[in-house]
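Just below is one structure, and these are the notes that go with it.
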Amino acid sequence: MKTKALFVALALITTQSAYSTTATDVFPGKEDWAVLKGEKVRKGTIAATINNIKRLDDLMTHTGSEAEIRDIIKDQNTLSRGLFLTDFLEMQPVINWLQDPKRPGKVLVAVLVLQASPELLTDQIRVRLQDFLQEGHPLLKDEIRKAL
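Each residue of the sequence shown is one higher than the last, beginning at 76 in the working numbering.
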């Protein structure tokens, strides 16, 4: 009985690995884009977003220049819709990005995602964004007003 259970488990593991997705499956050859849900998504969207969040957190909490922040906002705007299209936001819902006022970069990127995918804007998120309008960074407030 134990041997049969082991073989069944091994068969399941083998079957599951046959259906895994590799980076090459998503971006065959030297492709820089994938078409997801009928729209083009840039390779590296998630990694670039994580780097942008870290940089924005630093700039917005340590007197970073407005020009640098605006440059990152511009770059992130080209990525934000892709986060929705990759289903990344199903694993990391936008509301979770709005929990820590000490992470203004993370909040700002969440707002940019909401601008690009307004269907994600819920009443709960609206209320949370109102809180950031009271105390947030001036550029964050500007972007929140655009999203609302």
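Glycine included, each C-beta is placed from N, C-alpha and C at the ideal position. Owing to the predicted nature of the structure, the values given are computational and were not obtained by experimental measurement.
If you draw a straight line from the C-alpha of residue i to the C-alpha of residue j, how long is it?
| i | j | result |
| --- | --- | --- |
| V188 | S140 | 22 Å |
| F207 | V186 | 11 Å |
| D146 | G180 | 13 Å |
| V182 | G113 | 28 Å |
| G211 | L196 | 19 Å |
| A142 | L215 | 14 Å |
| H137 | L173 | 20 Å |
| Q190 | D107 | 24 Å |
| Q167 | D198 | 18 Å |
| I128 | N171 | 14 Å |
| I144 | E218 | 12 Å |
If you compare alpha carbons, which of the options is closest to residue i?
| i | options | result |
| --- | --- | --- |
| N152 | F207, Q167 and I121 | I121 |
| L111 | V202, T161 and N171 | T161 |
| R130 | L195, D150, D107 and G104 | D150 |
| F159 | I219, L134, R117 and P213 | R117 |
| D175 | E165, L204, L195 and G157 | L204 |
| G157 | K216, L223 and V184 | V184 |
| V169 | I148, S192 and K177 | S192 |
| G119 | M166, Q167, L154 and M135 | L154 |
| E194 | A109, L223, M135 and K105 | L223 |
Terminal residues of the continuous alpha helix (DSSP H) containing residue i?
| i | result |
| --- | --- |
| L111 | Not the alpha helix (DSSP H): L111 falls in the beta strand (DSSP E), residues W108 to L111. |
| K105 | No alpha helix (DSSP H) holds K105; DSSP gives it neither H nor E. |
| L223 | Element bounds for L223: n/a, residue is neither H nor E. |
Taking the beta strand (DSSP E) that residue i falls in, what are its first and last residues?
| i | result |
| --- | --- |
| K118 | No beta strand (DSSP E) contains K118, which DSSP labels as neither H nor E. |
When we look at the beta-carbon of residue i and count the other beta-carbons within 10 Å, is it buried (16 or more) or exposed?
| i | result |
| --- | --- |
| T124 | buried |
| D133 | exposed |
| N126 | exposed |
| E165 | exposed |
Measuring only from the beta carbon, is residue i closer than 7 Å to any heavy atom that is part of the ligand MN?
| i | result |
| --- | --- |
| L195 | By its list of ligands, the structure shown contains no ligand whatsoever, and the ligand MN lies outside what it can speak to. |
Segments assigned alpha helix (DSSP H), at least 4 residues, entirely inside the segment 129 to 209: 141 to 152, 155 to 160, 163 to 166, 169 to 172 and 179 to 191
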